[in-house]
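Trainee: Top line first, the protein sequences correspond to chains X and H.
Under the working numbering, the first residue of the first sequence carries the number 1, and numbering increases by one thereafter.
Under the working numbering, the first residue of the second sequence carries the number 454, and numbering increases by one thereafter.
2 protein chains.
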Amino acid sequence: MKGKTKRYILPEDEIPHKWYNIQADMTVKPMPPLNPQTREPMTASDLYTIFARECCDQELNTTDPWIPIPDEVREMYKYYRSTPLVRAYGLEKALGTSAHIYFKNESVSPMGSHKLNSAIPQAYYCKKEGVKNITTETGAGQWGASLAYAASLFGLEAAVYQVKISYEQKPYRRSIMQTFGAQVTPSPSMSTRAGKNILTVNPNCQGSLGTAISEAVELARTTPDCKYALGSVLSHVSLHQTVIGLEAEKQMEMAGEYPDVVIACFGGGSNFGGISFPFMRHKIAAEPGKTHTRFVAAEPASCPKLTKGKFCYDFGDEAGYTPLLPMYSLGHKFHPSNIHAGGLRYHGAGVIVSQLLKDGLMEAVDIQQVESFQAGCLFARAEGIIPAPESCHAIAATIREVKKLKPDEEKVILFNLSGHGLVDMASYDKYLSGDLINYTVSDDEIQANIAKL
Amino acid sequence: MKGKTKRYILPEDEIPHKWYNIQADMTVKPMPPLNPQTREPMTASDLYTIFARECCDQELNTTDPWIPIPDEVREMYKYYRSTPLVRAYGLEKALGTSAHIYFKNESVSPMGSHKLNSAIPQAYYCKKEGVKNITTETGAGQWGASLAYAASLFGLEAAVYQVKISYEQKPYRRSIMQTFGAQVTPSPSMSTRAGKNILTVNPNCQGSLGTAISEAVELARTTPDCKYALGSVLSHVSLHQTVIGLEAEKQMEMAGEYPDVVIACFGGGSNFGGISFPFMRHKIAAEPGKTHTRFVAAEPASCPKLTKGKFCYDFGDEAGYTPLLPMYSLGHKFHPSNIHAGGLRYHGAGVIVSQLLKDGLMEAVDIQQVESFQAGCLFARAEGIIPAPESCHAIAATIREVKKLKPDEEKVILFNLSGHGLVDMASYDKYLSGDLINYTVSDDEIQANIAKL
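Shown next as structure tokens:
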């Protein structure tokens with residue numbers, strides 16, 4: 001290992017100038033969102049009341065493969081990009097493998113995760129069209145913290161609905177949002193009709209991403225001069241995240257390698273899409289030597305929409321405020337177990353990823369909670385970085401890939417380290433003390449939820 | 454600001470190959486440590502029973518200005534170095550200044566602070582001489598986490614005494630240490646004579662760094678095959694930290710600038726020495742254009758050893774186990790107030806820094822707790838990084854420097870961002886809710902302590 005390069009970093013002028021829009025290259029385009037009342041396809045302008053206009057246009061753009069990154073956004077990317085591509089020599093040694101394992105380290109972002117990549121443009125586009133308030137939901141708080149920071153960068157007021165269980169279990173992330181001046185409300189709350197309806201039925205409801213989205217969308221609809229921003233699931237969010245994969249591609253070139261497998265954890269699909277889509281474009285274009293690459297999404301066993309969900313039109317939120325989206329779903333009323341990977345507790349998969357999975361361009365695996373933390377601790381001791389509980393799923397999937405290889409097989413594996421776990425140590429505490437349990441969702445429960453769709 | 458470089462990062466082959474030993478260049482050399490029984494100067498070999506031998510040799514080396522960094526250590530530095538030098542455009546704008554403000558971002562280290570720079574070589578030297586156990590103290594936990602990680606890298610068992618108030622207030626850092634397999638004990642504890650003596654008199658004692666050092670040193674002395682490692686104060690620790698300043702010097706060259714002022718927070722002196730000494734060598738050598746640079750240490754007002762302490766021989770720990778060291782001290786029995794910057798709660802200053810301050814080569818300022826958090830929040834909103842409570846002192850001192858300038862004065866200020874505060878959010882919570890208070894230590898209390906020296 002001595003003398004070999006460990007980290008690959010791009011000079012600032014090689015930070016991408018454009019995002020990659022895979023929708024333009026897909027053979028089968030994603031189906032459009034539908035108006036829930038009329039079930040008619042929605043256009044970008046139908047979405048303008050909720051999201052920043054530029055985001056709506058990007059959401060439904062199926063023709064332009066490259067979308068310019070505004071200068072103002074790219075300047076803010078310079079605060080932490082490029083993120084390093086790291087050769088995981090330590091992990092390779094710990095696993096005793098001949099595989100070459102690389103990870104893209106998005107945890108070096110000031111907010112500790114990849115989420116900032118989309119928070120910055122979403123806040124920027126709001127600012128650009130003169131909006132003064134921005135609202136969103138957050139689970140573990142990675143997205144909320146990123147949006148709170150991005151809002152403060154562009155002088156916007158931010159209101160964040162945080163899933164109640166995370167609000168209580170992860171007070172540090174709430175404080176981070178407050179440090180940036182955001183107003184944080186535990187969800188479900190009495191401040192919205194969606195929240196009230198749930199609390200009336202179940203006063204002890206611990207919340208879910210689906211419910212928090214309903215509350216934020218309701219706030220955006222009922223507040224003048226206020227737009228809603230989403231941290232994953234939607235196509236424009238994955239678009240912004242392609243900076244990850246575009247950088248990784250150049251950095252893999254510096255290392256003289258091309259990945260055989262690309263792996264990321266899966267909540268709504270934004271970090272997965274971010275690292276995968278730039279490599280997948282070569283597969284779609286059938287470029288020689290680049291068609292064999294496999295793309296693996298690692299989801300929690302307790303929220304298995306990709307491996308056990310149904311492909312259909314469903315709502316993005318619990319209350320049914322959003323358009324109907326074509327996706328793999330467990331049903332928008334599905335309440336995931338209280339796993340520590342709060343960012344993966346979502347009932348549906350993004351529109352693009354759902355289509356790609358349906359068309360066989362990618363795969364999915366489900367990971368139990370204990371296996372994910374085992375993998376996370378192994379990685380921490382080998383590479384010195386404590387991964388976020390979400391990212392532990394990608395590491396566990398990487399270890400599974402390695403275990404499938406023969407000892408001398410030199411496969412190249414790339415995974416996305418979407419964030420660090422320094423603010424999630426209470427979860428590690430629980431794992432280290434042996435108190436962490438697996439959650440399994442029964443086929444009957446899944447079928448009961450899916451049958452309603 | 455558009456298009457200007459924000460971050461300067463060195464290629465891996467420019468990570469320093471040598472540390473800079475300022476002792477070799479100092480006109481007035483530091484006085485030697487004394488045996489407390491005989492008051493005779495101690496030699497390196499007198500220290501071998503406590504510390505790794507290489508560290509003892511480095512501690513008293515006043516002849517070689519450059520000490521080679523072992524290949525094994527430099528390979529581990531590659532896990533996170535070089536750290537970025539960042540032009541703080543956001544902070545400049547927030548302050549409305551023409552000054553050019555740069556910071557060296559040591560918070561990107563996987564453990565979140567500069568401490569790893571010395572933890573790695575100290576663990577390596579122990580491993581190299583066949584030692585199997587390593588023990589240390591920690592305050593807020595930045596050092597303990599770093600040593601726990603470094604120990605795991607080299608296969609050593611680590612035992613950490615953590616100051617009790619931090620053990621209770623900052624459980625996340627304890628969990629980080631445990632994730633790396635370290636045994637963590639709150640100090641004072643009943644496991645050592647030093648701890649027992651204190652708990653007998655005061656069962657509710659909240660601990661201090663001085664006490665935790667006594668416990669760790671006692672463990673090292675009474676345990677076979679066990680060495681002690683210290684996170685600051687000693688000269689070999691500052692030596693290892695010079696990677697910070699050596700990198701910063703090359704990075705400032707990339708930016709085409711040279712600092713007029715260099716600033717760091719001050720606990721024992723290692724991050725201050727780390728960023729300062731490489732620049733100070735040009736001042737000592739009277740190089741043209743490099744003699745005017747000022748070096749400013751920012752200490753907490755509640756623990757003002759540099760601004761109000763006495764230069765004398767004193768113990769490094771509460772129980773009086775260590776050699777007598779020539780330093781600015783508030784007395785080894787001084788118990789600092791419970792400020793949130795746990796890493797700055799230490800009664801004495803490192804030997805080298807004490808001599809440099811005495812000889813007028815540097816300055817010191819004291820910062821109140823509330824001012825430090827004000828500065829930290831301003832910086833967070835401007836640059837997106839939440840600084841450690843310790844680092845907030847350096848930012849506050851930077852802001853004071855800026856306020857001394859005329860609006861169009863283009864001074865170049867460099868400070869060290871020693872760590873991030875993501876694991877210290879409970880402290881920010883307290884500040885944001887208005888519950889944070891200042892602590893002042895009266896001149897009478899200082900005089901009473903100093904009179905005993």
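C-beta: ideal position from N, C-alpha, C; glycine also.
Just to confirm, is the Cβ distance from A150/X to A119/X under 7 Å?
Mentor: Here residue 150/X refers to the residue found at position 150 of the first sequence. Here residue 119/X refers to the residue found at position 119 of the first sequence. Their beta carbons are under 7 Å apart, which means A150/X touches A119/X by this criterion.
Trainee: S605/H versus chain X: which residues are under 8 Å apart at the beta carbon?
Mentor: Position 152 of the second sequence, counting from 1, holds the residue named residue 605/H. Near S605/H (Cβ distances below 8 Å), the residues of chain X are R381.
Trainee: Measuring only from the beta carbon, is K358/X closer than 6 Å to any heavy atom that is part of the ligand FMN?
Mentor: Looking at this structure, you won't find the ligand FMN or any other ligand, since it has none at all.
Trainee: Using the three-state DSSP reduction, which class does L875/H fall into: helix, strand or coil?
Mentor: Residue 875/H sits at position 422 when you count from the first residue of the second sequence. Coil at L875/H, not helix or strand.
Trainee: Name, please, each residue of chain H whose Cβ falls closer than 7 Å to the Cβ of T5/X.
Mentor: Within the first sequence, the letter at position 5 stands for residue 5/X. Chain H residues near T5/X: E465.
Trainee: Bridge partners of F868/H, per DSSP?
Mentor: Here residue 868/H refers to the residue found at position 415 when the second sequence is read from its first residue. DSSP lists F556/H and I716/H as partners of F868/H.
Trainee: Would you mind sorting I820/H into buried or exposed? The rule is 16 or more other CB atoms within 10 Å of its CB.
Mentor: The residue you call residue 820/H lines up with position 367 of the second sequence. Counting Cβ neighbours within 10 Å, I820/H comes out buried, since at least 16 surround it.
Trainee: So which of L777/H, G660/H, E843/H and K623/H has the shortest CA-CA distance to M484/H?
Mentor: Start at 1 with the first residue of the second sequence, and residue 484/H comes out as number 31. The option with the nearest alpha carbon to M484/H is L777/H.
Trainee: Please check if any C-beta of chain X sits within less than 7 Å of the C-beta of T632/H.
Mentor: Taking the second sequence and counting its residues from 1, one reaches residue 632/H at position 179. Yes, because at least one Cβ of chain X sits closer than 7 Å to the Cβ of T632/H.
Trainee: Are the C-beta atoms of D429/X and some chain H residue less than 7 Å apart?
Mentor: Here residue 429/X refers to the residue found at position 429 when the first sequence is read from its first residue. Yes, contact with chain H.
Trainee: Does S175/X come within less than 7 Å of chain H when only Cβ atoms are used?
Mentor: In the first sequence, residue 175/X corresponds to position 175, counting from 1. So, interface residue.
Trainee: Cutting at 6 Å between CB atoms, please list the residues of its own chain near N438/X, excluding the five before and the five after it.
Mentor: In the first sequence, counting from the first residue as 1, residue 438/X sits at position 438. Closer than 6 Å at Cβ, skipping near neighbours: Q368, Q369 and V370.
Trainee: Using 7 Å as the threshold, is the C-beta distance between G727/H and Y799/H below it?
Mentor: Reading the second sequence from its first residue, position 274 is the one you call residue 727/H. Reading the second sequence from its first residue, position 346 is the one you call residue 799/H. No, the pair does not count as a contact, with Cβ atoms beyond the cut-off.
Trainee: Do the region 187-205 of chain X and the region 295-307 of chain X meet, that is, are 3 or more Cβ pairs less than 8 Å apart?
Mentor: Judged by Cβ distances under 8 Å, the region 187-205 of chain X makes no contact with the region 295-307 of chain X, as fewer than three pairs qualify.
Trainee: So with Cβ pairs under 7 Å, would you call K78/X a contact of chain H?
Mentor: In the first sequence, the residue the question calls residue 78/X occupies position 78. Judged by the 7 Å Cβ criterion, K78/X is in contact with chain H.
Trainee: For S442/X, count neighbouring Cβ atoms within 10 angstroms of its own Cβ and tell me buried if that reaches 16, exposed if not.
Mentor: For this step, residue 442/X is matched to residue 442 along the first sequence. Exposed is the call here.
Trainee: Which chain X residues are close to C756/H, counting only those with a beta carbon under 8 Å from its beta carbon?
Mentor: Here residue 756/H refers to the residue found at position 303 of the second sequence. The premise fails here: C756/H is roughly 25 Å from chain X at the closest Cβ pair, so nothing lies under 8 Å.
Trainee: Using a Cβ-Cβ cutoff of 7 Å, what residues of the region 522-550 of chain H are near chain X? List them in chain order.
Mentor: The region 522-550 of chain H vs chain X, Cβ under 7 Å: D524, E528, K531 and Y532.
Trainee: Counting C-beta neighbours from all protein chains within 10 Å, is the total for K857/H 16 or more, i.e. buried, or is it exposed?
Mentor: Here residue 857/H is taken as the residue at index 404 of the second sequence, counted from 1. Looking at its Cβ environment, which holds fewer than 16 other Cβ atoms inside 10 Å, K857/H is exposed.
Trainee: Give the DSSP bridge partners of A611/H, in chain order.
Mentor: Here the question's residue 611/H lines up with position 158 in the second sequence. Answer is I587/H, bridged to A611/H.
Trainee: Roughly how many angstroms separate the alpha carbons of V201/X and S871/H, rounded to a whole number?
Mentor: Position 201 of the first sequence, counted from the first residue, corresponds to residue 201/X. Position 418 of the second sequence, counted from the first residue, corresponds to residue 871/H. Cα to Cα, V201/X sits roughly 50 Å from S871/H.
Trainee: Who are the neighbours of L915/H on chain X, taking C-beta pairs under 8 Å?
Mentor: In the structure as shown, chain H begins at 454 and stops at 906. Residue 915/H is therefore absent and cannot be evaluated.
Trainee: Using a Cβ-Cβ cut-off of less than 9 Å, list which residues of the region 96-128 of chain X approach chain H; keep chain order.
Mentor: Flagged, chain order: S107, V108, S109, P110, M111, G112 and L116.
Trainee: In its own chain, which residues sit with a C-beta less than 6 Å from the C-beta of H340/X, not counting the 5 before and 5 after it?
Mentor: Counting from one through the first sequence, the residue named residue 340/X turns up at place 340. Hits under 6 Å: P389 and S427.
Trainee: Evaluate V420/X with the Cβ neighbour count: other Cβ atoms within 10 Å of its Cβ, from every protein chain shown; 16 or more gives buried, anything less gives exposed.
Mentor: By one-based count along the first sequence, residue 420/X stands at place 420. The sequence shown places His at residue 420/X, not Val. The residue in question, H420/X, is buried, as its Cβ has 16 or more Cβ neighbours within 10 Å.
Trainee: Give me the subset of the region 849-878 of chain H whose CB atoms are less than 7 Å from a CB atom of chain X, sorted by chain position.
Mentor: Cβ contacts with chain X come from L875, V876 and M878.
Trainee: What is the rounded straight-line gap between the Cα of V163/X and the Cα of G343/X?
Mentor: For this step, residue 163/X is matched to residue 163 along the first sequence. For this step, residue 343/X is matched to residue 343 along the first sequence. The alpha-carbon atoms of V163/X and G343/X are separated by roughly 10 Å.
Trainee: Answer yes or no: do D317/X and S329/X have a C-beta to C-beta separation smaller than 7 Å?
Mentor: By one-based count along the first sequence, residue 317/X stands at place 317. By one-based count along the first sequence, residue 329/X stands at place 329. No, they are not a contact pair.
Trainee: Starting from I475/H, find everything on chain X with Cβ-Cβ shorter than 9 Å and list it in chain order.
Mentor: Start at 1 with the first residue of the second sequence, and residue 475/H comes out as number 22. Result: empty, since nearest Cβ-Cβ is about 29 Å, beyond 9 Å.
Trainee: Quick check: what's the CA-CA separation for Q575/H versus A849/H?
Mentor: Position 122 of the second sequence, counted from the start, is the residue given in the question as residue 575/H. Position 396 of the second sequence, counted from the start, is the residue given in the question as residue 849/H. Computed Cα separation, rounded: 31 Å.
Trainee: Compare the Cα-Cα distances from K623/H to each of S498/H, M878/H, V686/H and T516/H and report the closest residue.
Mentor: Stepping through the second sequence from its first residue, residue 623/H is reached at position 170. Among S498/H, M878/H, V686/H and T516/H, the Cα nearest to that of K623/H belongs to M878/H.
Trainee: For I839/H, go through chain X and note every residue whose CB falls closer than 8 Å to its CB, in chain order.
Mentor: Here residue 839/H refers to the residue found at position 386 of the second sequence. Chain X residues near I839/H: P110, I176 and T179.
Trainee: Does I9/X have its Cβ less than 7 Å from a Cβ in chain H?
Mentor: On the first sequence, position 9 is the one that residue 9/X refers to. Closer than 7 Å to some Cβ of chain H, the Cβ of I9/X qualifies, so yes.
Trainee: Name the chain H residues whose beta carbon is nearer than 8 Å to that of Y321/X?
Mentor: As a working mapping, residue 321/X is identified with position 321 in the first sequence. Ordered by position in chain H, no residue passes the 8 Å Cβ test against Y321/X, which lies about 31 Å from the chain.
Trainee: Extract the residue ranges of the alpha helix (DSSP H) inside the region 342-401 of chain X, only unbroken runs of 4 or more that lie entirely within it.
Mentor: As far as the region 342-401 of chain X is concerned, its whole alpha helix (DSSP H) runs of at least 4 residues are 351-358 and 369-383.
Trainee: T185/X: which of R174/X, T179/X, R193/X and H17/X sits nearest, CA to CA?
Mentor: Taking the first sequence and counting its residues from 1, the one referred to as residue 185/X is at position 185. Looking at the Cα atoms, R174/X is the closest of the given residues.
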